[in-house]
Amino acid sequence: MCLEAIDRIEEFTSGCSYDEFCRDLKTISAVRDQLMIIGESAKNIPDDLKSKYPQIPWEGMVGSRNILIHQYFRTDTELLFSNVQRAIGDVRNCLKKIISDIEETNSGDL
């Protein structure tokens, strides 16, 4: 679910400048919704799994989700855009690594 949300965010913001992003309420809303999905997913990941991957900003993802859900009327578009541009690719790569590690572990159990 997180990877799908990341794909959507990248689709929504591909080729989009900060000024274009700020003028497009639909894109802002869509990105905000996908970030809430990512944060909700991160919130439900077991702590033992999170501790194996400290390079992923789990607390930041959950914290962002909480702010977006409870203070949606105060969305900081500059922060939203910069976080998406700066961190989303790194989070994707880390999540792919987790999935790969889990698949390798599970294939050894057969």
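To get the numbering used here, take the position in the sequence shown, counting from 1, and add 967.
Glycine included, each C-beta is placed from N, C-alpha and C at the ideal position.
Whole-Å CB distance - residue i paired with residue j, under 8 Å assumed
| i | j | result |
| --- | --- | --- |
| I1036 | C1061 | With 8 Å as the limit, I1036 and C1061 do not qualify as a contact, their Cβ atoms being about 23 Å apart. |
Where residue i falls: helix, strand or coil (DSSP)
| i | result |
| --- | --- |
| Q1022 | coil |
| Q1052 | helix |
| N1033 | helix |
| N1011 | coil |
| G982 | coil |
| M968 | coil |
| D991 | coil |
| D1057 | helix |
| T1072 | helix |
| T1044 | helix |
| Q1038 | coil |
Span separating the alpha-carbon of residue i from that of residue j
| i | j | result |
| --- | --- | --- |
| K1064 | I1055 | 14 Å |
| I1069 | A1009 | 16 Å |
| E971 | S1018 | 23 Å |
| C998 | S1067 | For the record, residue 998 in the displayed sequence is Val; it is not Cys. Each residue's alpha carbon lies about 26 Å from the other. |
| F979 | T994 | 6 Å |
| R1041 | L1002 | 15 Å |
| R990 | F1048 | 12 Å |
| L992 | I1005 | 20 Å |
Would the region 983 to 992 count as touching the region 1007 to 1023 if we require 3 or more Cβ pairs under 8 Å? no
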